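Visitor: Remember, the numbering used here sits 10 above the position in the sequence shown when you count from 1.
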Amino acid sequence: MSQSAEGGGESSKSKVKKKEVNIDTALHIIKGAIVKVIRTPLTQTVECQSKTKGRISVEYEPETPPTDDQVREIEQLCNQIIRDNVEIKSFKMERKQAEEHYKNNLVNNTYIYDKYPVPDSVTELTLVEIPNWNVNCCPSPHFSKTGEVGALKIVKVNHRPKKKELEFAFELFDPSEKAQTNTSSGGSSSSKKPEAQKPPAQKIDTDNIQLITDKIIDLFIKENLTEKSEEDLKKKLHPQIETLLNTLRNSSYSKGFTAKLEK
């Protein structure tokens, strides 16, 4: 993000890892949002070598970390300026002229340098400015519009009070891909095929368990047993048959059947 972090000058550029354009651009976006919410203008370290993940740590004096609402506001501000597709200016300026100009014209309370200064040997600065949002000397390529970044999500915040440091880890994603995922998983009702209507369940009579039990026993008696053993049969089989029929009734209820038997 910062030319001071690079050391400035052509000879130092070959010593650093290549920065990903989208992540480096996002660093300027999240830095502006951080300053707007928690008023801390100095960046300490950055990481932007991944294609989808980035990290920025800023100087942070308070003993307590920012609240969840503040972190949420930072993320919302980032995505708002991304949606607004604001122009990102990248240009060169003679060092003394740039220092004098931005000393009297801070951008969102931010100066062109971060925690560590640019070497004295650097006489011309490459500046990146998002109007009313962020300015920084940074020699790497950047997008020309904030909307090219996609969308940003803060995934982790680390507060290091002993170092007076606050670190934000974030990820970038394509919001259109997320919308398509939501649609394919049921986010849109227009693309869902209507379910075939099930035929109405057939109504069966299973309510009066006592009556059915007696009827079964009566049939058993008439076909197989004498009157002398009727009472013994009822005592023996009645609980078993009633249990089975209760199971039948519960199963019928769970399927939406009615339960009534005509005597």
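Glycine residues also receive a C-beta, built at the ideal position from the N, C-alpha and C atoms. Note that the structure is a prediction, hence the values are computed from the model and not measured.
1. Can you tell which of 85, 246, 89 and 63 has its C-alpha closest to the C-alpha of residue 157?
2. Using 10 angstroms around the beta-carbon of residue 65, count the other beta-carbons present and answer buried if the total reaches 16, otherwise exposed.
3. Quick check: what's the CA-CA separation for residue 75 versus residue 49?
4. Taking residue 31 as part of the alpha helix (DSSP H), name the residues at either end of that continuous run.
5. Does the Cβ-Cβ distance between residue 105 and residue 132 come in under 8 Å?
6. Which residues in the same chain have their Cβ closer than 8 Å to the Cβ of residue 108, if we skip the five residues on either side of it in sequence?
7. Can you tell me which of the three DSSP states residue 11 falls into?
8. Return the bridge partner residues of residue 144 from the DSSP annotation.
9. According to DSSP, residue 169 sits in a beta bridge with which residue or residues?
10. For residue 113, which residues from the same chain have a beta carbon less than 8 Å from its beta carbon, with the 5 sequence-adjacent residues on both sides left out?
11. Buried or exposed for residue 183, going by 16 or more other Cβ atoms inside 10 Å?
12. Which residues does DSSP pair with residue 99 in a beta bridge?
13. Using a 10 Å radius around the Cβ and a threshold of 16 neighbouring Cβ atoms, would you call residue 116 buried or exposed?
14. Keeping to the same chain, check which residues put their C-beta closer than 7 Å to that of residue 125; ignore five residues upstream and five downstream.
15. Can you give the beta carbon distance from residue 45 to residue 119, rounded, assuming they're within the 8 Å contact cut?
16. Mapping the DSSP letters down to three states, classify residue 59 as helix, strand or coil.
17. According to DSSP, residue 67 sits in a beta bridge with which residue or residues?
18. Buried or exposed for residue 295, going by 16 or more other Cβ atoms inside 10 Å?
19. Beta-carbon separation of residue 29 and residue 181 under 8 Å?
20. Looking at the unbroken alpha helix (DSSP H) that takes in residue 122, where does it start and where does it end?
21. Take residue 33 and list the residues in its own chain whose beta-carbon comes closer than 6 Å to its own, dropping the five residues that flank it on each side.
Guide: Judging by the given coordinates:
1. 89
2. buried
3. 13 Å
4. 31-48
5. yes
6. 122, 135, 137 and 147
7. coil
8. 140
9. 176
10. 121
11. exposed
12. 139
13. exposed
14. 52, 53, 54 and 69
15. 6 Å
16. coil
17. 55 and 177
18. Not covered by the structure: residue 295. The range shown for the chain is 11 to 273.
19. no
20. Residue 122 -> no alpha helix (DSSP H), and no H or E assigned at all.
21. 58 and 64
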